[in-house]
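The structure appears right after this line, and notes come after that.
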Amino acid sequence: MTSPILSIVIPTFNRASYLKQTLENLRRELPTVAAGTVEIIVSDNASPDDTPTVVSAAVADGLSIRSIRNAENIGSDANIAQVFNMAKAPYVLILGDDDVLVAGTLSFLISTLQKETYGVVCLKSYGYDSDLLAEHPGGHGKSLVFEDSGDFIAAIGAYITLISACVINKGLLGDIDARQFCGGNLVQVHLVLKAALSARQNLFYTGYAVACKRNNSGGYDFSKVFVEELGRILDSYVADGLPRSGIRKFERRMMFGYYPYYLLRQRQNQTAGLNDTYGRFSTRFGNRPLFWIWLAPILKLPRPLSLLWGSLTVAVGRSLSGDFRRGLTFLQKQFLR
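Residues in the sequence shown are numbered from 32 upward in steps of one, following our numbering.
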């Protein structure tokens with residue numbers, strides 16, 4: 032029997048309809064790779080909806096799934112860690128229950144992982160609202176191989192935080208227990224960093240390979256997790272070989288092309304905590320001119336001006352960070368709807 036090369040592990044809670052779509056997509060893609068090369072695991076975090084029925088139906092339709100259902104909700108971090116620990120293959124993709132692999136991605140992954148050894152293979156993603164095929168940005172990608180872990184982390188930017196974007200070489204991590212990283216909503220970042228720093232090379236595929244349901248998560252403070260906690264995690268890996276220059280490049284990319292959108296959303300929605308957000312950003316980035324020029328105006332200008340400036344920074348930041356199509360799409364949605 033063929034040993035699996037890739038474990039696709041899916042932590043899920045109370046999103047049966049999205050999980051159904053994700054599993055149906057995997058059932059369509061599995062015939063594109065050799066039998067036995069992929070294992071699928073679902074960890075149901077005590078969902079009160081039809082999740083058990085969805086999993087059972089997928090199995091009845093011929094999809095081989097190892098599944099576990101928690102007796103009670105153990106939290107998203109612990110559920111992610113649990114299902115990662117269950118994986119038997121050398122490579123693991125933690126796939127969000129509302130995310131879908133674009134057609135051809137699975138065969139690309141298996142082919143790539145069979146040819147070379149990588150610490151992390153990062154896949155570019157895109158957000159969609161209703162039709163993942165019609166909303167695909169298009170274009171073609173290429174595989175970029177990095178031998179410098181700092182350059183790799185800087186290149187993938189925010190994708191380090193997206194569970195569905197990073198295939199992790201678990202084989203390089205020994206008998207690691209992912210539960211040790213629970214508590215900050217970024218279990219996957221620790222795993223990506225450890226694998227990337229342990230490998231001779233890492234790969235970033237620049238084609239849009241993962242479709243992610245847009246604005247479908249929450250329950251956390253954005254700046255606390257993606258500025259304060261993420262910064263703390265990055266700093267903690269300097270002792271393990273992550274160069275500070277790589278962290279600076281990574282954070283410059285985040286400030287320019289990632290953070291503007293979420294700050295703009297906060298101003299658009301007029302959500303509370305603006306002062307806390309400003310405090311966390313200024314504490315981490317206050318000594319960098321880019322923060323004051325690019326981000327601070329979104330937080331501090333009068334709302335009409337901040338929305339205008341924020342829209343500009345999102346469009347320009349995405350376009351000049353290699354996401355021209357997403358930048359153009361954003362402009363169309365903001366001003367041509």
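Think of the CB as a built atom: it goes at the ideal place given N, C-alpha and C, for glycine as much as any other residue.
Quick one, which of the options has its alpha-carbon nearest residue i's?
i: asparagine 101; options: Phe115, Ala134, Leu124, Ser74; result: Ser74
i: phenylalanine 177; options: Ala186, Gly170, His171; result: Ala186
i: leucine 154; options: Gln145, Ile199, Pro121, Asn110; result: Ile199
i: valine 8; options: Phe44, Tyr122, Gly67; result: Past the boundaries of the shown model lies residue 8; the chain is included only from 32 to 368, so the question cannot be answered.
i: asparagine 318; options: Gly93, Glu282, Leu351, Gly288; result: Glu282
i: leucine 203; options: Ala303, Ala77, Ser98, Leu222; result: Leu222
i: proline 121; options: Ser138, Asp206, Ser48, Asp129; result: Asp206
i: threonine 344; options: Leu54, Met285, Asn247; result: Met285
i: arginine 349; options: Asn76, Gly188, Ala109, Thr63; result: Gly188
i: glycine 238; options: Phe139, Pro328, Thr302; result: Phe139
i: isoleucine 71; options: Ser95, Cys243, Lys225; result: Ser95
i: isoleucine 264; options: Tyr159, Leu126, Ile184; result: Ile184
i: alanine 88; options: Pro62, Gln52, Thr68; result: Gln52
i: glutamine 145; options: Thr68, Gly127, Gly158, Asp208; result: Thr68
i: tyrosine 49; options: Val123, Ala242, Val64; result: Ala242
i: threonine 33; options: Val131, Ala65, Val40; result: Ala65
i: glycine 272; options: Lys244, Glu260, Ala227; result: Ala227
i: leucine 54; options: Asp128, Leu217, Pro62; result: Asp128
May I ask you to report which of helix, strand or coil DSSP gives residue i?
i: phenylalanine 366; result: Since pLDDT at phenylalanine 366 reaches only 48, below the 50 mark, its modelled position is unreliable, and the value read off the structure follows with that caveat. Reduced to three states, the DSSP call for phenylalanine 366 is helix.
i: alanine 89; result: helix
i: leucine 193; result: coil
i: tyrosine 247; result: A small fix is needed here, since residue 247 is asparagine in this sequence, not tyrosine. Reduced to three states, the DSSP call for asparagine 247 is coil.
i: phenylalanine 172; result: Residue 172 is actually glycine in this sequence, not phenylalanine. Three-state result, glycine 172: coil.
i: proline 42; result: strand
i: leucine 204; result: helix
i: isoleucine 184; result: helix
i: valine 223; result: helix
i: tyrosine 370; result: The question about residue 370 has no answer here: the residues shown for the chain are numbered 32 through 368.
i: valine 198; result: strand
i: tyrosine 293; result: helix
i: leucine 3; result: Here the chain covers residues 32 to 368 and nothing more, so residue 3 does not appear.
i: aspartate 271; result: helix
i: isoleucine 105; result: coil
i: phenylalanine 257; result: helix
i: alanine 346; result: helix
i: leucine 351; result: helix
i: asparagine 76; result: coil
For residue i, which beta-bridge partners are listed by DSSP?
i: arginine 263; result: Per DSSP, none; premise fails for arginine 263.
i: isoleucine 96; result: Ile71
i: asparagine 233; result: Phe177
i: leucine 37; result: Val69, Tyr122
Following a CB-centred definition, is residue i positioned closer than 7 Å to any heavy atom of the ligand MN?
i: tyrosine 292; result: This structure simply doesn't include the ligand MN, nor any ligand for that matter.
Is there a C-beta anywhere in chain D that falls below 8 Å from the one on residue i?
i: phenylalanine 312; result: No chain D appears in the structure shown, which is made up of a single protein chain.
Could you tell me which uninterrupted beta strand (DSSP E) segments, each at least 3 residues in length, are contained entirely in the segment 112-169, listed from first to last along the chain? 122-125, 130-132, 151-159
Taking 8 Å as the cut-off, does the segment 148-158 touch the segment 231-247 (at least 3 CB pairs, one atom from each stretch)? yes
Is the segment 161-180 touching the segment 96-111, taking contact as three or more C-beta pairs under 8 Å? no
Using 8 Å as the cut-off, can you tell me whether the segment 78-94 makes contact with the segment 39-59, which would need three or more C-beta pairs spanning the two stretches below that distance? yes
Quick check: the segment 308-315 against the segment 253-260, are there 3 or more CB pairs under 8 Å? yes
Is there contact between the segment 158-172 and the segment 268-275, where contact requires at least three CB pairs shorter than 8 Å? no
Does the segment 270-280 come close enough to the segment 208-223 to have 3 or more Cβ pairs within less than 8 Å? no
Return the chain-ordered ranges of every alpha helix (DSSP H) run that is complete within the segment 286-335 and spans a minimum of 4 residues. 290-300, 305-316, 327-331
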